[in-house]
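At position 81 of the sequence shown (counting the first as 1) the number is 82 in our numbering, and the numbers step up by one without a gap. Working notes, structure below.
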Amino acid sequence: MMKVLMLTAVLFSSTAFANIGFKSGNKLQAQTLRGSFTAFCPQGSRTQYCAIDTLSPSVRDKFVYSGVDADEVTLTAEHQQGSRRVKTSDFNSTDGESDKWFNLWLASLFQRPLLRDGVNKISYSLKKDGNVVEAGTFEAVVERLEDARCRHRHYTFHSQNDCNSLATHCTRYFLDERYCE
2 MMKVLMLTAV LFSSTAFANI GFKSGNKLQA QTLRGSFTAF CPQGSRTQYC
52 AIDTLSPSVR DKFVYSGVDA DEVTLTAEHQ QGSRRVKTSD FNSTDGESDK
102 WFNLWLASLF QRPLLRDGVN KISYSLKKDG NVVEAGTFEA VVERLEDARC
152 RHRHYTFHSQ NDCNSLATHC TRYFLDERYC E
């Protein structure tokens, strides 16, 4: 009987801890995709080179933690390189997940990603009415894959305006190439 209780306790605790972290998982893969296309324009042809850094399974994700009554979550990522990022979201206790999708990977003028290549130590703090009710850490590991190269494509543009800003067509290019599948 004692063995059954111990086994049940171990199974319950491992399933409870399996639900801490990102909804899509804490093991991710990063890859740079590269490619080019030739644009045929009213005033001649030009070649545009494109590159994008992707994260799989997703560049955005929700934080999940089941069985806690909280209304806010704060994630603090400490990267191997020594930098830190802090992100906060409202938390839905009923669903056991953050209301907001956290930006894990995309860097822009106004956004900084939570994660970087390698091991990211994530500290989480769940609060209810401003008081910490649960806190802990987990690791999100980003494995860097070799660059992938997409095949060369050709596009015809009838507007010179489209040809003056070819870099904006890189998104279309990668979609057409199914992200180098």
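The beta carbon of each residue, even a glycine, is placed where N, CA and C say it ideally should be.
Could you tell me the boundaries of the beta strand (DSSP E) in which residue i lies?
i: glutamine 49; result: 45-57
i: threonine 1; result: Absent from the structure is residue 1, since the part of the chain shown begins at 2 and ends at 182.
i: glutamine 30; result: 28-42
i: glutamate 135; result: 132-145
i: valine 120; result: 119-129
i: serine 90; result: 85-93
i: arginine 154; result: 154-157
Do residue i and residue j have their C-beta atoms within less than 7 Å of each other?
i: alanine 40; j: leucine 167; result: yes
i: cysteine 171; j: leucine 34; result: no
i: serine 126; j: threonine 75; result: yes
i: threonine 77; j: valine 87; result: yes
i: lysine 128; j: glutamate 178; result: no
i: histidine 155; j: arginine 117; result: no
i: cysteine 42; j: tyrosine 174; result: no
What is the DSSP secondary structure of residue i, reduced to helix, strand or coil?
i: tyrosine 66; result: coil
i: phenylalanine 175; result: helix
i: histidine 170; result: helix
Take residue i and list the residues in its own chain whose beta-carbon comes closer than 6 Å to its own, dropping the five residues that flank it on each side.
i: asparagine 20; result: Val65, Ser67
i: aspartate 54; result: Thr33
i: leucine 115; result: Ala78, Arg86, Lys88, Phe103, Leu105
i: alanine 250; result: Because the chain here runs from 2 to 182, residue 250 falls outside it and cannot be looked at.
i: serine 59; result: Ser25
i: serine 57; result: Gln30
i: glycine 184; result: The structure shown does not extend to residue 184, since the chain is modelled only from 2 through 182, so no value can be given for it.
Going by DSSP, what residue range makes up the alpha helix (DSSP H) through residue i?
i: asparagine 165; result: 161-165
Given the structure, does residue i come close to the ligand NAP, in the sense that its CB is under 6 Å from one of the ligand's heavy atoms?
i: lysine 129; result: Looking for the ligand NAP in the displayed structure turns up nothing, as the structure carries no ligands at all.
Whose C-beta lies closer than 8 Å to the C-beta of residue i among residues of the same chain, with five residues either side of it excluded?
i: lysine 24; result: Asp62, Lys63, Phe64, Val65, Glu98
i: glutamine 44; result: Gln161, Cys164
i: aspartate 148; result: Gln32, Thr33, Leu34, Arg35
Closer than 7 Å by C-beta to residue i: which residues in its own chain qualify, once you throw out the five before and the five after it? Chain order, please.
i: valine 120; result: Gln81, Glu140, Val142
i: valine 185; result: The structure shown does not extend to residue 185, since the chain spans only 2 to 182, so no value can be given for it.
Below 8 Å, how does it come out for the stretch 144-162 and the stretch 98-112: are there three or more Cβ pairs, yes or no? No: fewer than three Cβ pairs fall under 8 Å.
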